[in-house]
Amino acid sequence: MNVIVLATRSSGKLRELRALFAAAPRRCRVIDLHEAGVPETAAEDDLEVFDSFEANALAKALYFHARTGMPVVADDSGLCVLALGDRPGVLSKRWSGRADLTGRALDEENNRLLLERLAESGSMDRSAYYVCAAAYVDGAHQIVRRGEVHGRILEAPRGAGGFGYDPYFAPNELDGRSFGEASVEEKQRVSHRARAFRDLLEQLVSIDGGAGGDPASAEVA
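Heads up: the sequence shown runs through residues 0 to 220, numbered per numbering that gives the first Met the number 0.
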């Protein structure tokens, strides 16, 4: 059975990705960076320097493939708010600039800034969309797929599930409920990450476990 490294330090992303791979048509075993024996370093903070989700995801996948020598999947994702000119976008995790915070404390500060900037904008439009770019690198292939989910920003958080901006984001498909209120199964059905990784996993079925191909080429959709 093939082994793929899930190249993220986020516990929330790991939960979602393990569930997506467990339901995938391509049978493989996934391990996280700790299981792959990759200690965290300061260099990881400098990987997301590009202005697109696709480029950031591919940069992370290439970096961790070089460190492990194993097939790797990585992603970059974020929230784009129309009234804010699609910000925070690729800066979603780092938007508040609070490098001293992690986990839920960082999420709370980013969400506080989100509501503050929306109020300052004076716009009544709370339309937003989540984006995820999922990248796979195995030395012979580089594949990137994109997923989106559209909805709106709520005035107050709903639900204790998910992570990041999830309690404030209500996708159109969930009848007004936020990702924080959604079950794991519901989020897997409609989320940006689920859509990107389902598309990516379908592509992995066709490459026969990563044999052959042009290591210098990247297929992006």
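Virtual Cβ for every residue (Gly too), placed ideally from N, Cα, C.
- The residue from Val2, Ser76, Phe49, Glu39 with its alpha-carbon nearest to that of Arg194 is Ser76.
- Cβ neighbours of Ser91 within its own chain (closer than 8 Å, five residues either side excluded): Ser76, Gly77, Leu78, Asn109, Gly163, Tyr164.
- When rounded, the separation of the alpha-carbon atoms in Gly158 and Ser182 is 10 Å.
- In the DSSP assignment, no residue is bridged to Gln202.
- Going by C-alpha positions, Ser51 is about 12 Å away from Arg144.
- Assignment of Asp165 by DSSP, reduced to helix, strand and coil, places it in the helix class.
- Counting only runs that start and end inside the region 109-170, the beta strand (DSSP E) elements of at least 3 residues fall at 126-136, 141-152, 168-170.
- Burial state of Arg192 is buried, judged by a 10 Å Cβ sphere holding 16 or more other Cβ atoms.
- Remark: C-beta atoms of Ala134 and Val204 do not approach each other more closely than 8 Å.
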